[in-house]
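Asks: Below you will find the structure I want to go over with you.
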Amino acid sequence: MSSNRARLDVLVSECRQTFVEAAIKVSAMKAWDFSCPCVVLDGRTDEIKAVVIGVGSIGNLVPTSAAIDHPEVKEWLQIATEKSPEVAFAEMLDGDEERAKRFNEAYERLIEERRSGIKGLWSADDLSSFVSRSQAAFPKAISAIALLPGQEGQSHSILTFESDIKSLLN
-6 MSSNRARLDV LVSECRQTFV EAAIKVSAMK AWDFSCPCVV LDGRTDEIKA
44 VVIGVGSIGN LVPTSAAIDH PEVKEWLQIA TEKSPEVAFA EMLDGDEERA
94 KRFNEAYERL IEERRSGIKG LWSADDLSSF VSRSQAAFPK AISAIALLPG
144 QEGQSHSILT FESDIKSLLN
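Residue -6 is where the sequence shown starts when you use my numbering, and the numbers rise one by one after that.
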C-alpha cells in the first residue's frame, strides 16, 4: 500500500489545479446534490488523467459492477488474488452445493456484465459509499477517487479520499 500512497501523493501534487477547480465549484454550491463536483484521478498509466465530475456521474467514468457485490463473487475474487483463479474456482465449486449454485449464478451475472461491455472497476456498494462520503464531506472537502496500478495480482487499485477546500483555496 505504501507504493500506492507514494503514487497518490504524486498524482495529487501534479493535479492540484484540478482540485482547485473542484474546490471553487463546491464553494459556489449552497447545498449538496448529485451534481456536486468530485475529482477522479486515473494514474494507471504514465499519462495521468484528472477530471472534475459531478458525483452522480461517477458511474459513467468509473465503471461499476453490481455482480461483484455478491458475497460469493467477493470471496472468489479474494481467493483468486491470494492463490489463483483456478484454485478459486475449485474452492467455490467444491463442497456445499447451495454455495456452489449461488456462486455459479453470481459468476454468470459477472460474465454477462463483461460481455455487455461493463468491466467494473468497483462495486455498486463502493460507489454508494463514495456518494455518501461526498455528501458528508460537503462543504468542507472535495471527494476524490484515484485509480492506480494494481498490486499483488490485482489489475488495479482504487483509493478514495477527501481534500480540504480551505487548503486548496489559500
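Where a beta carbon is used, it is the ideal one built from N, C-alpha and C, also for glycine.
Can you give, in chain order, each stretch of the alpha helix (DSSP H) that sits fully within the stretch 35 to 84 and has at least 4 residues?
Replies: You should have 51 to 54, 64 to 75.
Asks: With distance defined between alpha-carbon atoms, name the residue in E68, E90, G49 nearest to V80.
Replies: Position 87 of the sequence shown, counted from the start, is the residue given in the question as residue 80. Comparing Cα positions, the closest option is E68.
Asks: According to DSSP, simplified to helix, strand and coil, what is S156?
Replies: Stepping through the sequence shown from its first residue, residue 156 is reached at position 163. Three-state DSSP puts S156 in a strand.
Asks: Alpha carbon to alpha carbon, how far is A83 from V44? Give it in angstroms, no decimals.
Replies: If you number the sequence shown from 1, residue 44 lands on position 51. If you number the sequence shown from 1, residue 83 lands on position 90. Going from the Cα of V44 to the Cα of A83 covers about 41 Å.
Asks: Using a threshold of 8 Å, state whether the C-beta atoms of E75 and A99 are closer than that.
Replies: Residue mapping note: residue 75 aligns to position 82 of the sequence shown, counting from 1. Residue mapping note: residue 99 aligns to position 106 of the sequence shown, counting from 1. No.
Asks: Does the distance from the C-beta atom of A134 to that of D157 stay below 8 Å?
Replies: Residue numbering aside, residue 134 sits at position 141 when the sequence shown is read from its first letter. Residue numbering aside, residue 157 sits at position 164 when the sequence shown is read from its first letter. In this structure, D157 lies closer than 8 Å to A134 by Cβ.
Asks: Could you check what DSSP says for M(-6) in three-state terms: helix, strand or coil?
Replies: Numbered from 1 along the sequence shown, position 1 holds the residue referred to as residue -6. Confidence in M(-6) is poor, its pLDDT being 48 and thus under 50, which makes the residue's placement too unreliable to answer from.
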